[in-house]
Amino acid sequence: MQISFLIHNAYGIGGTIRTTFNLAHALSARHDVEIVSVLRHRDTPVLDLGPGVRLRHLVDLREDSPAYDGDDPAFARAAKVFPAAEGRSGQYSELTDRRIARHLRRVEADLVVGTRPGLNVHIARQTRRGVVRVGQEHLTLDSHSRALRLALRGVYPRLDALTTVTEADATAYRRLRLPGVRVEAVPNSVPAPGLAPADATGKWVVAAGRLARVKRYDVLIRAFAQVAAARPDWRLRIYGGGSEKAALRALIDELGLYNHVFLMGPANPLETEWAKGSIAAVSSSLESFGMTIVEAMRCGLPVVATDCPHGPGEIIDDGVDGRLVPVGDPGALAGALLSLIDDDAERRRMGRAALTAAARFDPARIAARYETLFGQLLDEKRSNRLRGALHRTRGALLSGAYTTKDAASAALRGVRTV
Amino acid sequence: MNTSTRPPAAGSGPPPPTTGTDGAPPGLTADTIADSAGGLTFDLAAPPGVRTTWSAALVLRLRGADAEEVRLPLGPNGAGGLRAVLPSTVALAEGRWQVYADLGDGHAPHRLLPGLNDLRSLVDRRPLAGIGRLGVRIPYTTKLGNLALRSWLRGPHAEAGDILVEPAGMTVEGRLYGALPGEGAHVEARARRTAGGGATVTVPLTADGARFSFTLPYAGPVGHWRGGGEPWDLWLVPAEGAPPVRIGRLLDDVADKKQIFAYPAMPVPAAGAEVRVGPYYTLDNDLALRVAGPETTD
Numbered sequence: 001m002q003i004s005f006l007i008h009n010a011y012g013i014g015g016t017i018r019t020t021f022n023l024a025h026a027l028s029a030r031h032d033v034e035i036v037s038v039l040r041h042r043d044t045p046v047l048d049l050g051p052g053v054r055l056r057h058l059v060d061l062r063e064d065s066p067a068y069d070g071d072d073p074a075f076a077r078a079a080k081v082f083p084a085a086e087g088r089s090g091q092y093s094e095l096t097d098r099r100i101a102r103h104l105r106r107v108e109a110d111l112v113v114g115t116r117p118g119l120n121v122h123i124a125r126q127t128r129r130g131v132v133r134v135g136q137e138h139l140t141l142d143s144h145s146r147a148l149r150l151a152l153r154g155v156y157p158r159l160d161a162l163t164t165v166t167e168a169d170a171t172a173y174r175r176l177r178l179p180g181v182r183v184e185a186v187p188n189s190v191p192a193p194g195l196a197p198a199d200a201t202g203k204w205v206v207a208a209g210r211l212a213r214v215k216r217y218d219v220l221i222r223a224f225a226q227v228a229a230a231r232p233d234w235r236l237r238i239y240g241g242g243s244e245k246a247a248l249r250a251l252i253d254e255l256g257l258y259n260h261v262f263l264m265g266p267a268n269p270l271e272t273e274w275a276k277g278s279i280a281a282v283s284s285s286l287e288s289f290g291m292t293i294v295e296a297m298r299c300g301l302p303v304v305a306t307d308c309p310h311g312p313g314e315i316i317d318d319g320v321d322g323r324l325v326p327v328g329d330p331g332a333l334a335g336a337l338l339s340l341i342d343d344d345a346e347r348r349r350m351g352r353a354a355l356t357a358a359a360r361f362d363p364a365r366i367a368a369r370y371e372t373l374f375g376q377l378l379d380e381k382r383s384n385r386l387r388g389a390l391h392r393t394r395g396a397l398l399s400g401a402y403t404t405k406d407a408a409s410a411a412l413r414g415v416r417t418v
Numbered sequence: 001m002n003t004s005t006r007p008p009a010a011g012s013g014p015p016p017p018t019t020g021t022d023g024a025p026p027g028l029t030a031d032t033i034a035d036s037a038g039g040l041t042f043d044l045a046a047p048p049g050v051r052t053t054w055s056a057a058l059v060l061r062l063r064g065a066d067a068e069e070v071r072l073p074l075g076p077n078g079a080g081g082l083r084a085v086l087p088s089t090v091a092l093a094e095g096r097w098q099v100y101a102d103l104g105d106g107h108a109p110h111r112l113l114p115g116l117n118d119l120r121s122l123v124d125r126r127p128l129a130g131i132g133r134l135g136v137r138i139p140y141t142t143k144l145g146n147l148a149l150r151s152w153l154r155g156p157h158a159e160a161g162d163i164l165v166e167p168a169g170m171t172v173e174g175r176l177y178g179a180l181p182g183e184g185a186h187v188e189a190r191a192r193r194t195a196g197g198g199a200t201v202t203v204p205l206t207a208d209g210a211r212f213s214f215t216l217p218y219a220g221p222v223g224h225w226r227g228g229g230e231p232w233d234l235w236l237v238p239a240e241g242a243p244p245v246r247i248g249r250l251l252d253d254v255a256d257k258k259q260i261f262a263y264p265a266m267p268v269p270a271a272g273a274e275v276r277v278g279p280y281y282t283l284d285n286d287l288a289l290r291v292a293g294p295e296t297t298d
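Right, here's the structure in full:
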């Protein structure tokens, strides 16, 4: 198969870029894979793509480049295709509209895969006939504004398939009713770490993520006050940087935990840090997937996580390879941590179970699921062109109907839908 | 997950980059594994096409010192890569060491890029208390993204552990390596700046074998405060007349302690003002106390 990914900016840093690179690399073992980056602001990607996957860009934002596009007047004018309600819309323009449209009109591929809602909209509306259109949702439907949800509902029926990273989000998208669109959950992949798994002997609990409100590290620190009171020989490391750092620092000092809780700053790579711990902790109020949970499990750590929407409950088998606790409850979190701290055999057993269970997120296995999905979509398109044409017509009609209805309701509230 | 800029790992992920920033041959990456005795093993993922000779070496160069260089033999590691070992018995001067690979091919040595630093055996490291001279080497990534080592070489060494911060002073627990606290053991806080008049504040040391603790009331250093911010360095004198030992925190995997091991600063009344006083680790991971006036911002 020829597979073409469309990504916001392959030259930056982030979960979507990493997981797209992992997937593209794994698929490239047997398929012809390219990544098309809408924007390019540096010469080489920060994350390693490896050989075998072609990478090209549509809009060049390198100021020292002879092909610099930033001074094109169209770059200063607001986008019309990329939805205004999408989080990245500020970086899109008439120029990106034009370049993406041209790319999708000419794309030499069996499938195009969009990696964020705004790009999925482009793919749904502008991809040439005969090419399978796949949209990926790396966040969740309910994390989008109402305006964006309306925009997506109007256009997504023109996709062939939409993938989410959790079953919970797939269910939400199915409720949105996208006729003729196959909605399937395929989790993110995490490669096997390049070092031996943790041996469960260190008296360290490890957490990692942006120091942002949604991660609720305040709850974790309060929980750890109870842990340290019962087991002062255990300590907590929190890796990551972010806007909550000063507040968390103050909380650590207020609770007198400066000998027990450490804000480690950003770490790269992370697997060497997981390997120093014996238990991983996740205190988030929301995890669209839960990449850190899988990363920790792949390093052999049992994870104590909040049972928040959407990912943790689909990754952790409570009591088998980790523990799930209610959101925002320091006592429950402390209790689950202490149950593993106080039982060395149970901790080791769960760590081993986590290592085994997390192998299902290996890039080769995730790529195989995509391969199956892509193959079926392609077969459908090829074997029944008539039905495909009918589907497209029906999809276009339905999406037209939605668009009209949604535009009407949006107009009443003064929201631009597309 | 946006914690890090982590590239996909080796193994089933994409392979390391095959192009370097400073010309051919491409960037060489080294994984390091630390052992609890202080030794380090370097495993280089040599890209295909890179040939080595018998004279290949891992080269360590002390930053800021022109001639200080340590060469370690670099040979096959049996897994298709190259390996060099820095045993704990090879003394490295204190400082920051840049890491190069000299492939023995007539080209200048190549600066190495960091791969995976497996430092788990350094976490909670507890060497034998009787060790004569303690070597500590912690691999880290420089601001420019290169592999480097921080090195300490101390004998005796006073390792700081938990610190209890209270309104009127702090109590430090620790462990002494290479000496046992004896008669007249004490701790000296020395004003770093001459503006402090070279003042020294002395407090007694409580010892139990190699373990020690001391309490430093803030009133002493604060009594010498004349405005601005004044750092005080902490020295442990193992016995009356013995050479003083700098108190530091070296025995783990954290190359730079200052931002991570942070402690509250307490308000203390001083001459005509209120100062803030609290312990911190210096850029060299030594323990110090800062007396900061109301106008100082750090």
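Protein chains in written order, with our numbering: chain A, 1 to 418; chain B, 1 to 298.
Even for Gly, the Cβ is constructed at its ideal location relative to N, Cα and C.
| Check | Outcome |
| --- | --- |
| Please name the residue in B:280, B:63, B:258, B:200 whose C-alpha comes closest to that of residue 244 of chain B. | B:200 |
| On the DSSP letters alone, give me the boundaries of the alpha helix (DSSP H) that residue 274 of chain A sits inside. | 271-274 |
| Whose Cβ in chain A lies nearer than 7 Å to the Cβ of residue 73 of chain B? | Correct list: empty, because the minimum Cβ distance to chain A is about 24 Å. |
| Does DSSP put residue 260 of chain A in a helix, a strand or coil? | coil |
| Tell me, please, whether the CB atom of residue 9 of chain A is closer than 8 Å to any CB atom in chain B? | no |
| With residue 153 of chain B and residue 99 of chain B assumed to form a contact (beta carbons below 8 Å), what rounded beta-carbon distance in angstroms separates them? | Wrong, their Cβ atoms sit about 18 Å apart, outside the cutoff. |
| Taking 8 Å as the CB-CB limit, is residue 275 of chain A close to chain B? | yes |
| What number of angstroms, rounded off, separates the C-alpha of residue 185 of chain A from the C-alpha of residue 360 of chain A? | 14 Å |
| Is there contact here, the segment 292-301 of chain A with the segment 280-293 of chain B, by at least three beta-carbon pairs under 8 Å? | no |
| Less than 8 Å between the CB atoms is what I'm expecting for residue 271 of chain B and residue 232 of chain B, so what's the real figure, rounded? | Residue 271 of chain B to residue 232 of chain B, Cβ: 17 Å. No contact. |
| Taking Cβ-Cβ distances shorter than 7 Å, what residues in chain B pair up with residue 264 of chain A? | 260 |
| Kindly indicate which three-state DSSP category residue 213 of chain B falls into: helix, strand or coil? | strand |
| Can you look up residue 376 of chain A in the DSSP assignment and give me helix, strand or coil? | helix |
| Quick one: Cα of residue 218 of chain B to Cα of residue 260 of chain A, how far? | 23 Å |
| For residue 136 of chain A, list the residues DSSP reports as bridge partners. | A:163 |
| Would the beta-carbon of residue 97 of chain A fall within 8 Å of that of residue 79 of chain A? | yes |
| Work out the CA separation of residue 304 of chain A and residue 213 of chain B for me, nearest whole Å. | 36 Å |
| Check residue 295 of chain A in the structure and name its three-state DSSP category. | helix |
| Are there 16 or more other CB atoms within 10 angstroms of the CB of residue 38 of chain B, so buried, or fewer, so exposed? | buried |
| DSSP three-state label for residue 461 of chain A, please. | Any answer about residue 461 of chain A is impossible in this case: the structure gives chain A only from 1 up to 418. |
| How would you list, in chain order, the residues of chain B whose beta-carbon sits under 8 Å from the beta-carbon of residue 313 of chain A? | Residues of chain B passing the Cβ test: none, with the nearest at roughly 17 Å. |
| Please state if the CB of residue 96 of chain B and the CB of residue 126 of chain B are separated by a distance shorter than 8 Å. | no |
| Tell me the residue span of the beta strand (DSSP E) that contains residue 37 of chain A. | 32-40 |
| Go ahead and pull the three-state DSSP assignment for residue 350 of chain A. | helix |
| At a CB-CB cut-off below 9 Å, which residues of chain B make contact with residue 234 of chain A? | Residues of chain B passing the Cβ test: none, with the nearest at roughly 11 Å. |
| Closer than 7 Å by C-beta to residue 260 of chain B: which residues in its own chain qualify, once you throw out the five before and the five after it? Chain order, please. | 254 |
| Whose C-beta lies closer than 7 Å to the C-beta of residue 143 of chain A among residues of the same chain, with five residues either side of it excluded? | 288 |
| Of the residues that make up the segment 229-255 of chain A, which ones have a beta carbon closer than 7 Å to any beta carbon in chain C? | Protein chains A and B are contained in the structure displayed, whereas chain C is not. |
| Can you pull the DSSP bridge partners for residue 177 of chain B? | B:157 |
| In whole angstroms, what is the alpha-carbon distance linking residue 93 of chain B and residue 55 of chain A? | 45 Å |
| Can you find a CB in chain A that lies within less than 8 Å of the CB of residue 146 of chain B? | no |
| Excluding sequence positions up to five away, which residues of its chain have a Cβ less than 6 Å from the Cβ of residue 236 of chain B? | 158, 187, 245, 247 |
| What does residue 264 of chain B touch in chain A if you count any residue whose Cβ is under 8 Å from its own? | 253, 258 |
| Could you check whether the Cβ of residue 195 of chain A sits closer than 8 Å to any Cβ belonging to chain B? | yes |
| I'd like to know whether the C-beta atoms of residue 121 of chain A and residue 83 of chain A end up nearer to each other than 8 Å. | yes |
| Using a C-beta cutoff of 8 Å, does residue 23 of chain B count as contacting chain A? | For residue 23 of chain B, the predicted structure reports a pLDDT of 40, less than 50, and the residue's modelled location is therefore unreliable. A value from the coordinates is still provided. Cβ-Cβ to chain A under 8 Å: no for residue 23 of chain B. |
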